[in-house]
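FYI, our numbering numbers position 206 of the sequence shown as 206, with every residue one higher than the one before it.
Report on the following structure.
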Amino acid sequence: MESKIFRIGPIRPPSEANSLLIQITNGCTWNKCRFCRLYRHTKFKAYSADSIRKDIDNIAYWAERIKNHSRPAGWDFDALNEELAALANENERQCFYMVANWLVSGGENVFLQDGNTTALSGGRLTDVLVYLRQTFPQIKRITSYGRAENLCKTDAEGFAELKEAGLDRIHSGYESGSDAVLKRINKGVTQEQQIKAGKAIRAGGIELSIYFMPGVGGKDLSEDNAIGTARVITEVKPDFVRIRTAAIKPGTELYEGWKNGEFELCSDDDKVREIRTVIELSEDAPDTVIASDHMINLLQDIEGKLSERAALLGKIDEYLNMNEDDRRIFQLLRRTLRAFGPEDMINLKTAEREALLSTVMSCSKREWDIKMNNYICRYV
């Protein structure tokens with residue numbers, strides 16, 4: 001029997017955890033960001049419409065097999081697991097699991113991979129979107145990654161055509177709105193390009209989810225990072241601003257820059273203050289949601305509409321108003337996955353608190369910031 005595998009890329013946003021993943025490009029068109037090496041040894045490739053349609057057909061094949069295990073009372077998970085285990089080919093097992101997880105989760109959302117899928121020519125992407133929705137009419141949302149440098153070359157009319165074809169949301173790693181920070185991290189885009197791209201996407205009727213990296217510019221550009229990002233948010237009014245705490249990771253050019261004295265690491269407190277400044281300075285946009293939806297973020301409960309800034313700032317200030325020792329103890333608990341929020345510290349026993357405090361006191365400020373960065377790097 002002909003193999004029924006389809007391509008699955010390496011990454012997706014946390015908000016797409018239950019989405020069907022379809023790889024329509026491989027790698028990243030830029031591939032030079034100093035904080036990232038994910039695609040550094042991968043040559044960018046845009047797949048043909050025919051090969052993508054074949055992948056969609058293979059997904060449909062697995063979907064029909066998996067639907068045989070659907071019952072009025074729910075899914076027959078024992079039968080699903082038995083069929084999964086019986087597959088001899090590891091790639092087919094991955095495809096079966098992907099489609100099963102998607103259908104069990106509702107079968108409504110799809111994420112198009114890899115790092116810059118909107119680099120696919122407009123006509124080819126339109127063909128893929130139309131075919132995907134024809135094959136799976138139950139789909140409610142299709143989303144994709146896109147680089148601002150590439151996105152700013154498309155006007156509102158072009159995005160409206162993609163919306164009509166079926167693209168609902170674009171995720172874009174803006175990282176920062178500061179030109180100085182964007183230059184330091186070699187993002188290959190400017191603040192004005194970010195604004196131009198964001199406005200065109202919104203005008204075309206597609207949802208926009210941008211990513212902000214507190215701390216990525218280092219301590220000397222910390223304030224600039226926040227102020228520049230607030231300007232972009234004010235101009236664009238994206239649907240989502242997703243917080244992704246910077247991890248200066250070994251093996252990246254940014255890490256080597258830090259080791260060579262190019263900049264000083266931001267502390268967790270610096271990063272939290274950046275988030276506070278972004279929320280405080282961004283003008284009200286009734287539909288913009290601040291989302292701290294990743295485990296690398298220190299404060300994951302900073303979640304809500306920008307128009308509810310008082311509540312968001314209140315949560316941040318509760319943390320910043322703690323004494324420094326308590327903030328460091330919480331940082332250690334959070335980074336070792338022993339706490340979700342500062343309120344969890346109330347459950348600490350005296351002996352445990354004393355042990356944590358001893359760890360805190362054993363590090364200089366610089367040593368502590370390095371220690372926390374090392375913890376963060378474990379999760380990216």
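Cβ atoms here follow ideal geometry from the backbone N, Cα and C, with glycine treated the same way.
Just so it is clear, the structure is predicted and the values come from calculations on it, not from any experiment.
Option in L281, A285, R276 and L348 with minimal Cα separation from K315: R276
Own chain partners of P72 with C-beta closer than 6 Å, once the 5 adjacent residues on each side are dropped: none
Residues near K32 in its chain [Cβ-Cβ closer than 7 Å; skip 5 each side]: N186 and G188
Simplified DSSP state of S3, which is helix, strand or coil: In the three-state reduction of the DSSP assignment, S3 falls in the coil class, being assigned neither a helical nor a strand state.
Buried versus exposed call for V110 [16 or more other C-beta atoms within 10 Å across all chains shown]: buried
8 Å Cβ shell around V99 - same chain, five flanking residues per side excluded: Once the five neighbours on either side are set aside, the close Cβ partners of V99 are L20, I59, W62, A63 and I66.
Bridge partner(s) assigned by DSSP for R141: N109
7 Å Cβ cutoff met for F340 and V289: no
Coil, strand or helix - S307 by DSSP: helix
Where F240 falls: helix, strand or coil (DSSP): strand
Endpoints, the beta strand (DSSP E) within which R169 is located: R169 to E175
Rounded separation between R147 and F330 - CA only: 35 Å
Test item: CB-CB of V232 and I206 under 7 Å: no
Counterpart residues of T25 in DSSP-defined beta bridges: A46
A291 in three-state terms, based on DSSP: strand
Three-state secondary structure (DSSP) of S70: strand
Which listed residue (D155, I302, F6 and M322) has its alpha carbon closest to that of R93: F6
Cut-off 6 Å between Cβ atoms - residues of its own chain near C377, not counting five sequence neighbours on either side: A247 and K249
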